[in-house]
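Read through the structure below, which is laid out as structure tokens, and then see the notes.
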Amino acid sequence: MLALPAQELSGELPDPPEFAAQSEPIFVSISDILEYRALPEYHEPDWVTSKYVDAGTLPPVAERLPKEPMVYKVGNMPDGVGVYGDTMRHVIGGRPEGWNYIGGQSQGWGGIDIGLSECLTRTGPLFMVKAEELEPMPNLAKSWEWSEDGKELTMHLIEGAKWSDGDPFDSEDVMFYWNDNVMDANVSPLNGATPESFGVGTTLEAIDAYTIKWTFQEAFPTQYLYTMAYGTFCPGPSHLLKPQHPNYSDNTYEQYKNAFPPEYMNMPVMGAWVPVEYRPDDIIVMRRNPYYWKVDENGNQLPYLNEMHYRLSTWADRDVQAVAGSGDFSNLEQAESYVESLRRSAEDSAPARLQFGARTIGYALQPNMSGNGWGEPDARAQAVRELNRDLDFRKAISIGLDRQRLGDALVRGPFTAIYPGGLYAGTSFYDKESTVYYPYDLEAANALLDGLGLMDTDGNGVRNFPEGTAGGADVEITLLANSDYGTDTNLAEGVIAMMEPLGLRVIANFQQGNARDDMAASGQFDWSVVRQGAEMVSIVQNTAALAPTGPRIHTFHRAGSDGTLDLLPFEQELVDLVNSFVTTSDNEERAEIMKDYQRIFTENIYSIGLTQYPGALIINKRFANIPAGAPIFQFNWAEDNIIRERVFVPEDQQGGYELHPETLPGEPGGAGAV
Amino acid sequence: MLRFLVFRILGAIPLLFLLSVVTFAIIQAPPGDYADYIRSMLINQGGVRPDLAEIQAQAYREANGLNDPLVMQYFRWITGIVTRFDFGHSLYYNKPVGNVIAERLPPTIALALVCHLLASFLGIGLGIIAATRQYSWADTLLGIISFLGMTIPRFLLAIVILYVLVFRMGVNEIGNFNSAYWGGQPWGWGRFVDLVSHVWPVIFIATFGGLAYNMRVMRANLLDVLNSQYVETARAKGLPEGAVIMKHAVPNALHPLVAYQGVVLPYMLTGEIEVAIVFGLATVGPAIVGSMAVGDVFVTASFMLVLAATLIIGNIIADILLVALDPRIRLGGNKE
Chain A
289 MLALPAQELS GELPDPPEFA AQSEPIFVSI SDILEYRALP EYHEPDWVTS KYVDAGTLPP
349 VAERLPKEPM VYKVGNMPDG VGVYGDTMRH VIGGRPEGWN YIGGQSQGWG GIDIGLSECL
409 TRTGPLFMVK AEELEPMPNL AKSWEWSEDG KELTMHLIEG AKWSDGDPFD SEDVMFYWND
469 NVMDANVSPL NGATPESFGV GTTLEAIDAY TIKWTFQEAF PTQYLYTMAY GTFCPGPSHL
529 LKPQHPNYSD NTYEQYKNAF PPEYMNMPVM GAWVPVEYRP DDIIVMRRNP YYWKVDENGN
589 QLPYLNEMHY RLSTWADRDV QAVAGSGDFS NLEQAESYVE SLRRSAEDSA PARLQFGART
649 IGYALQPNMS GNGWGEPDAR AQAVRELNRD LDFRKAISIG LDRQRLGDAL VRGPFTAIYP
709 GGLYAGTSFY DKESTVYYPY DLEAANALLD GLGLMDTDGN GVRNFPEGTA GGADVEITLL
769 ANSDYGTDTN LAEGVIAMME PLGLRVIANF QQGNARDDMA ASGQFDWSVV RQGAEMVSIV
829 QNTAALAPTG PRIHTFHRAG SDGTLDLLPF EQELVDLVNS FVTTSDNEER AEIMKDYQRI
889 FTENIYSIGL TQYPGALIIN KRFANIPAGA PIFQFNWAED NIIRERVFVP EDQQGGYELH
949 PETLPGEPGG AGAV
Chain B
7 MLRFLVFRIL GAIPLLFLLS VVTFAIIQAP PGDYADYIRS MLINQGGVRP DLAEIQAQAY
67 REANGLNDPL VMQYFRWITG IVTRFDFGHS LYYNKPVGNV IAERLPPTIA LALVCHLLAS
127 FLGIGLGIIA ATRQYSWADT LLGIISFLGM TIPRFLLAIV ILYVLVFRMG VNEIGNFNSA
187 YWGGQPWGWG RFVDLVSHVW PVIFIATFGG LAYNMRVMRA NLLDVLNSQY VETARAKGLP
247 EGAVIMKHAV PNALHPLVAY QGVVLPYMLT GEIEVAIVFG LATVGPAIVG SMAVGDVFVT
307 ASFMLVLAAT LIIGNIIADI LLVALDPRIR LGGNKE
């Protein structure tokens with residue numbers, strides 16, 4: 289049997305179906321969204337002035353704001369300048385460990401830490417930034433410049449900004465974060481910042497109170513600007529944390545980490561809201577930060593919303609409450625519930641609306657490409673891996689899958705699209721011309737498998753390994769999938785069924801989240817159905833994970849026990865492309881590199897794409913200033929994408945949800961709002 | 007009697023020990039631990055690169071002894087319980103397991119008790135109605151109800167009710183014991199009403215299952231008793247039918263249900279637990295399932311142990327009741 293030439297198998301990739309409920313972002317420059325400048329006058333809610341400023345317990349708003357606050361431009365605000373008041377009610381499944389984010393404590397996820405912690409740069413709203421101008425948005429670092437050789441980066445921090453308790457924010461906070469948390473191997477900041485996150489050998493020094501200087505080993509490593517956003521460069525309040533750190537006290541590292549438990553109220557933050565109430569297994573309440581350093585063009589101090597709630601429930605409850613209207617915000621990601629949710633939201637009485645973004649949720653079948661003993665495979669598993677490493681085998685699997693049917697089985701309608709693998713259609717670096725697609729062709733798939741010498745020698749309907757391989761046994765392949773989510777198992781079951789006509793026996797290995805992750809991370813799988821990670825969506829974040837650029841970086845090809853990778857020639861090409869991508873600052877050049885990446889990836893069917901579909905933001909109808917096309921996840925989660933500090937509720941729609949109306953956070957460690 | 011009791015309690019100790027070994031082994035058997043959960047959250051929620059997340063997970067394992075052999079982890083846990091009544095540290099809640107149990111067990115038991123009392127009174131009442139109107143339309147209707155109650159899985163009923171409430175009726179008072187406002191208020195009439203408006207689906211569903219069982223047992227027993235001679239005698243004496251049933255028949259038909267009370271504790275707990283999981287109420291159920299999913303082993307193991315203890319306590323109570331009711335058992339015990 290002669291091998292089938294690729295051009296006979298590849299075909300035209302159908303465009304994703306049109307989809308009315310999907311909204312497209314309005315693409316702008318970063319300078320259209322915000323700037324830093326002083327305004328002639330500033331405003332705040334009347335009750336803050338009358339109850340606090342007039343009483344002498346709080347300085348006037350102009351004194352609380354930085355010299356040049358961050359100003360959001362009205363032109364980019366979908367509903368314009370907002371009004372003060374109301375609450376956004378979140379529901380989450382996590383639980384807070386405490387408020388010491390940089391000491392490694394989780395705040396419970398679901399957007400809490402995104403709201404509490406501000407970082408040097410910001411990535412969430414980048415979904416609306418023009419691709420050719422893509423770079424992280426300024427935030428605590430209001431501007432930066434590179435030295436001529438590209439190895440030094442000087443950053444200017446916002447001047448005169450204050451923590452929510454009034455303490456100045458300056459380079460001391462930044463240096464405490466860097467020296468005593470990132471560089472201290474005994475501390476693991478929550479999202480895993482280590483010295484390597486910013487490049488081996490990178491140093492950071494403070495020039496003055498508002499200037500810091502980075503020195504890198506490479507020239508123009510612009511990807512680190514993305515690393516300086518959430519969640520790896522969000523400094524904590526050094527005036528509170530430093531006295532608890534083992535370098536400055538008798539505390540152990542454990543005591544440092546746990547010095548600010550969830551019961552500790554009014555933790556100083558740079559974010560828009562401050563935690564003022566915590567009821568275990570019930571709720572976390574946050575009130576507006578009176579020192580928040582961002583304003584709108586009219587000089588109104590942000591945020592518009594006075595209060596944030598986080599009901600401590602379950603992740604599944606989040607969707608239910610958002611649809612019911614007792615929660616305001618959720619990310620709908622399970623395609624199976626789209627039709628019912630859309631139907632409900634289309635009713636006039638529905639409290640929430642659904643906003644679909646780009647199709648950036650994508651599932652792929654990932655073959656274990658390690659032929660080097662990763663995960664200690666037995667003879668059968670090793671034989672499967674050798675097959676996985678054969679392009680004809682991957683082609684056979686790919687064209688043996690009817691992707692249209694796979695997507696339709698999840699949800700009828702225009703939601704799902706055929707996904708050939710590689711970068712998603714709808715993301716910044718996607719290029720259709722560079723995408724190779726092998727359409728469904730059962731006959732050719734069987735021919736390819738015949739060509740590999742996989743014949744059904746015992747007549748039981750299942751192909752056998754050739755004589756001398758795995759004892760000539762039936763070709764049995766285990767398929768790992770996460771049983772926590774219906775979508776994962778539904779797709780996996782579809783794959784299993786579609787492999788049957790090819791004479792391949794695929795055996796389901798459905799495991800709950802933790803067990804699945806453990807098996808996947810230790811290489812104990814032949815195939816795995818996976819919802820792909822952040823790097824496939826944003827490209828510019830975690831870029832290294834796009835190819836096996838290190839021994840333990842990639843999801844389906846890692847080093848064996850001897851610590852080395854056995855890269856195939858095309859994998860080496862992908863690694864080289866990814867490495868050159870991260871050291872290139874020119875956006876046009878980057879786009880070209882990613883075209884090559886996409887072509888080599890899809891031509892070689894590195895992973896077998898299954899389906900891609902959009903997530904839906906479920907948001908209560910009363911909220912205004914929700915940007916069009918805000919994805920539930922692209923550069924960051926929807927909580928960051930929608931720029932919550934400028935979201936508001938029109939006066940006539942405001943509800944009585946505030947639990948501590950007309951109060952502000954009290955002293956750090958105090959009883960709560962006063 | 008005292009000797010019987012002492013022997014029963016002493017006999018429970020090795021049983022509990024055995025249960026603790028088995029539960030610990032079972033929950034540790036599948037791959038994955040809490041550090042895997044940390045890694046997943048870092049990758050999925052925080053967008054962390056896999057290798058960096060792995061480093062952090064490994065550091066967590068090291069710091070919290072998750073790399074130690076299972077036997078050592080078990081003995082550390084069990085020694086803490088025996089010597090200091092310390093159930094270990096909850097990795098997920100970042101506080102002592104004892105606190106997690108103490109926070110969640112009282113509302114669980116309270117809910118279970120309410121459901122149990124309602125199921126008993128309503129079940130017995132409806133059982134009486136069904137038995138006294140045998141083969142009437144009321145009996146048939148109650149038969150259908152009890153049939154549904156005994157056959158529909160509670161979690162399924164919970165999901166159906168959740169769906170109807172949210173999607174069809176627009177009710178959104180679900181998922182917590184109290185609304186955000188009332189949860190922070192001191193206890194009073196307003197908070198109580200708010201509580202009821204939140205927990206009624208759980209009470210309804212858990213009651214429904216138990217009620218059906220009680221109704222069937224009560225109906226069958228009462229029918230037996232109503233046909234016995236002394237009831238006929240009471241009727242013959244000219245007692246009104248109501249007095250015959252309530253004074254003579256019902257008390258005698260109640261015996262099996264009274265004896266059943268001893269072992270009902272775990273049954274009513276599981277009923278409440280199943281439903282609370284669907285509704286996400288902060289009781290024992292969601293904590294057990296949640297801790298299993300994230301690999302928070304000491305919470306799962308401790309809850310299992312506590313539930314096993316309630317089962318054993320329930321059995322001991324049942325034995326005591328039986329001893330009190332039936333002297334023959336006591337005599338048998340004395341012979342040993």
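Top to bottom, those sequences are chains A and B.
Numbering (the working numbering) for the first sequence: 289 to 962.
Numbering (the working numbering) for the second sequence: 7 to 342.
Heads up, the beta-carbon is just placed ideally off N, CA and C, and yes, glycines get one too.
The model shown is predicted, which means the values in this text are computed figures rather than measured ones.
Asked: Coarse secondary structure for Glu861 (chain A), derived from DSSP in three states; Found: helix
Asked: Met596 (chain A) versus A:Arg693, A:Ile380, A:Glu635 and A:Asp437, residue with shortest Cα-Cα distance; Found: A:Ile380
Asked: Selection from A:Pro956, A:Ile321, A:Phe307 and A:Pro708 that minimises the alpha carbon distance to Ile930 (chain A); Found: A:Ile321
Asked: CB contact check: Ser203 (chain B) to chain A, cutoff 8 angstroms; Found: no
Asked: Delimiting residues of the beta strand (DSSP E) encompassing Ser26 (chain B); Found: It is not in any beta strand (DSSP E) - Ser26 (chain B) instead sits in the alpha helix (DSSP H) that spans Leu8 to Gln34.
Asked: Residue environment, Tyr945 (chain A), which counts as buried when at least 16 other CB atoms sit within 10 Å; Found: buried
Asked: Glu565 (chain A) burial status per 10 Å Cβ neighbour count (16 or more: buried); Found: buried
Asked: Pair within 8 angstroms by beta-carbon distance, Val256 (chain B) and Leu228 (chain B); Found: yes
Asked: Alpha-carbon spacing of Met443 (chain A) relative to Glu433 (chain A), whole angstroms; Found: 7 angstroms
Asked: Endpoints, the alpha helix (DSSP H) within which Gln511 (chain A) is located; Found: Gln511 to Thr515
Asked: Beta carbon proximity, Arg840 (chain A) to chain B, threshold 8 angstroms; Found: yes
Asked: Whether Gly344 (chain A) touches Glu927 (chain A) by CB criterion (8 angstroms); Found: no
Asked: Gly943 (chain A) - DSSP class collapsed to helix/strand/coil; Found: coil
Asked: Cβ-heavy atom distance, Val237 (chain B) to the ligand ADP, below 7 angstroms; Found: The model depicted lacks the ligand ADP and carries no ligand whatsoever.
Asked: Any chain B beta carbon closer than 8 angstroms to Arg647 (chain A); Found: no
Asked: Inside the region 883-914 of chain A only - beta strand (DSSP E) runs reaching at least 3 residues; Found: 896-901 and 904-908
Asked: Gly801 (chain A) versus Asn577 (chain A) - alpha carbon distance; Found: 37 angstroms
Asked: Proximity winner among B:Leu217, B:Phe173, B:Ala288 and B:Gly190, relative to Ala971 (chain A) (alpha-carbon distances); Found: The structure shown does not extend to residue 971 (chain A), since chain A spans only 289 to 962, so no value can be given for it.
Asked: Arg160 (chain B): contacting residues in chain A (beta-carbon distance under 7 angstroms); Found: Chain A residues near Arg160 (chain B): none, gap ~17 angstroms exceeds 7 angstroms.
Asked: Residue burial classification, Trp581 (chain A) (beta-carbon count within 10 angstroms, cutoff 16); Found: buried
Asked: Collapsed DSSP secondary structure at Glu342 (chain B) in the structure displayed; Found: Reliability of the predicted coordinates at Glu342 (chain B) is poor, the pLDDT of 41 falling under 50, and the value obtained from them is presented with this limitation in mind. It is coil, neither helix nor strand.
Asked: Separation of Gln51 (chain B) from Gln742 (chain A), as counted between CA atoms; Found: This sequence places Leu at residue 742 (chain A); Gln is not what is there. Cα-Cα distance, rounded: 42 angstroms.
Asked: Trp925 (chain A) in three-state terms, based on DSSP; Found: strand
Asked: Reference Glu763 (chain A), options A:Gly739, A:Trp335 and A:Val794, closest by Cα; Found: Residue identity differs from the one stated: residue 763 (chain A) is Val in this sequence, not Glu. Residue A:Val794 is the option with its Cα nearest to Val763 (chain A).
Asked: Within chain B, the residues that Pro571 (chain A) reaches when beta carbons sit closer than 7 angstroms; Found: Looking at the sequence itself, residue 571 (chain A) is Ile, so the reference to Pro does not match. Within chain B, the residues near Ile571 (chain A) are Ala186 and Gly189.
Asked: Chain A contact for Gln62 (chain B) (CB, 8 angstroms cutoff); Found: yes
Asked: Amino acids of chain A, ordered along the chain, whose beta-carbon sits closer than 9 angstroms to that of Ala288 (chain B); Found: Pro568, Asp569, Asp570, Leu600 and Ser601
Asked: Any C-beta of chain A under 8 angstroms from that of Arg82 (chain B); Found: no
Asked: Sequence-distant residues of its chain with Cβ nearer than 6 angstroms to Gly943 (chain A) (five each side left out); Found: none
Asked: Rounded C-alpha distance that separates Arg55 (chain B) from Ser895 (chain A); Found: 19 angstroms
Asked: Within-8 angstroms CB hit, Ala926 (chain A) to chain B; Found: no
Asked: Extent of the continuous alpha helix (DSSP H) to which Asn586 (chain A) belongs; Found: Asn586 (chain A) -> no alpha helix (DSSP H), and no H or E assigned at all.
Asked: CB contact flag (Gly181 (chain B), Ser601 (chain A), <8 angstroms); Found: yes
Asked: Partner residues on chain B for Met807 (chain A), Cβ-Cβ distance less than 7 angstroms; Found: Pro37
Asked: Three-state secondary structure (DSSP) of Phe644 (chain A); Found: strand
Asked: For Leu263 (chain B) and Ala330 (chain B), the rounded distance between their alpha carbons; Found: 15 angstroms
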